[in-house]
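*Asks:* According to the working numbering, the sequence shown is numbered sequentially starting from 396.
Glycine is no exception: its CB is placed at the ideal position from the N, C-alpha and C atoms.
Structure below; questions to follow.
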Amino acid sequence: MRLRAIGLAVLTAASLGHAGLALAQEKQITMWSNWPDEPAKKDWVAARVKEFEAANKQCSVKLSFIPKADIYTQAKSAVRTGQAPDIFYMEPDQPEFLAGGFLEPLDSYVDLANLEDWAKPAWASKGKVYGVPVEAYTVELYYNKDLVKKVGVDVPASFQLSQAQFLDLVKKGAAAGITPVSQGVGDRPFPGGQLLFESLLRKLGSDDYAKLLNGELSFKDPRVVEVMNWVKQLVDAGAYPKSFATLKLGESHFYFYNTPGALTFPDPSWFTGRAFAEPEKGGMPANFPLGIMKFPAMDKGNCPECKTLAIGGSFVMFSKSKNKDCAGAMLKSMATPENGTKWIGEVSLQSGLKSDQDKIVSPRKDYFAELNARNKDAKYFFGTPLLYYRAKCADTYVQVMNNAFPAGLLSVQEAAEKMDGACLKK
């Protein structure tokens, strides 16, 4: 019996030792996500982490939600010191992370068949894929149905105004003391160029628009100048808020659908992330008369049905991560058609993950129906200007087309010269 007791004690100690070893071997990965102020997206990410931890007891995740601008600032420093999180939020307009070798190729971790074919190129380089493209979006023109009607403008059955009709809308809104276009560039490098560049796409068509973004077509091209002259008319007529230069992206949402209110709001379809939050959390008021119209058709435009499609929020792995097995497993568990379906239903936004349209459950069916109607028969151009522009050209776009030109600080000629000087290939 003494021998048996000793044996049991040894076995017990061994079992405890193994349990302690297993506990010691549990790996914790760090993960930074954007969307701290967008409840539906935040909940989707948190749910994916919770599901992963439940199915992978050997891995845990330290998840932090950080504003995008802060993520970029912190990540740029952290990757150089080797202290970056294992997984972090990124968008394709930050190519320096890939160029610097800071991102891990995901081909051996993620089932690439679960990603939409049109979404993969946004994160592809030299035959490898470096990001999980959760968020996709089109650039839309939202409007307040009641206010537009109040100023005496009827939106046609095509939902697309002409150049002259849109200018008339702006003038009537300004005359009535209602801001025609809610927009602000206080914390983002792109919103101020949306109306101009979506109009240039429709004027030039996909091929010549691509040449413009690739520096192969001058901003002094007569067609480009014609569209810029029209946008200058909008600016001079009072299209944008007086606080345009300081108004932040989140504030421009609230400005549109709450206080003080605006006729229209050009915004990517990620609009829903803030708009569909609870009203007490800054979301759109219940029964707000939201509509979606098409961007105006340009006079003698080559492609009035063209519109931008792009990849937004994605997740990447740090190339120097010490926990690539758990980080890769986390990304693999996230990149599934089931999760793509949940994203679309819960967030009311497109995704670069494959999905099952028949299984989408959404409380925003009417919104989706209208969004799909505006996108029916659209000819998509992939990518926004900052996905193409780099270095001095990108900086000039931010300073000129995102800020100074729509703020009325530069003439058409001055803006065209500055863009050509920085972007046109000689």
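1) Please go through the region 710-794 and give each complete alpha helix (DSSP H) segment of 4 or more residues, from N-terminal end onward.
2) Let me know if residue 421 comes out buried or exposed under the rule of 16 or more other beta-carbons within 10 Å of its beta-carbon.
3) Residue 540 bridges to which residues according to DSSP?
4) Is the CB-CB distance between residue 716 and residue 499 below 8 Å?
5) On the DSSP letters alone, give me the boundaries of the alpha helix (DSSP H) that residue 558 sits inside.
6) According to DSSP, which residues form a beta bridge with residue 662?
7) Please go through the same chain and pick out, in chain order, the residues whose beta-carbon is closer than 6 Å to the beta-carbon of residue 629, but skip the five residues on each side of it.
8) For residue 479, count neighbouring Cβ atoms within 10 angstroms of its own Cβ and tell me buried if that reaches 16, exposed if not.
9) Could you check whether the region 519-539 touches the region 663-680, counting it as contact only if at least three pairs of C-beta atoms, one from each stretch, sit closer than 8 Å?
10) Is the beta carbon of residue 490 less than 8 Å from the beta carbon of residue 706?
11) With distance defined between alpha-carbon atoms, name the residue in 704, 520 and 648 nearest to residue 678.
12) So residue 819 and residue 613 are supposed to be a Cβ contact under 8 Å. How far apart are they, rounded?
13) Check the DSSP bridge columns for residue 426 and list the partner residues they point to.
14) Would you call the CB atoms of residue 484 and residue 539 closer than 8 Å?
15) State yes or no: is the C-beta of residue 680 within less than 8 Å of the C-beta of residue 650?
16) Does DSSP put residue 555 in a helix, in a strand, or in coil?
17) Can you check the region 635-683 for any alpha helix (DSSP H) of at least 4 residues that lies completely inside it and give the ranges in chain order?
18) Given a cut-off of 8 Å, decide if residue 693 and residue 597 are closer than it, judged by their beta-carbon atoms.
19) If we ignore side chains and look at the alpha-carbon of each, how far apart do residue 561 and residue 703 end up?
20) For residue 634, which of 570, 673 and 592 has the nearest alpha-carbon?
21) Can the beta-carbon of residue 748 be found less than 8 Å from the beta-carbon of residue 734?
22) Could you please give the first and the last residue of the uninterrupted beta strand (DSSP E) stretch that includes residue 575?
23) What residues match up with residue 703 in a beta bridge as DSSP calls it?
24) If you check the beta carbons only, do residue 495 and residue 524 fall under 8 Å apart?
25) How big is the Cα-Cα spacing for residue 585 and residue 644?
*Replies:* Reading it off the structure:
1) 719-729, 732-742, 760-770, 780-783 and 786-791
2) exposed
3) Residue 540 pairs with nothing; no bridge assigned.
4) yes
5) 558-570
6) 535
7) 565
8) buried
9) yes
10) no
11) 648
12) 6 Å
13) 458 and 482
14) no
15) no
16) strand
17) 644-652 and 667-670
18) yes
19) 20 Å
20) 570
21) yes
22) 574-576
23) 776
24) no
25) 10 Å
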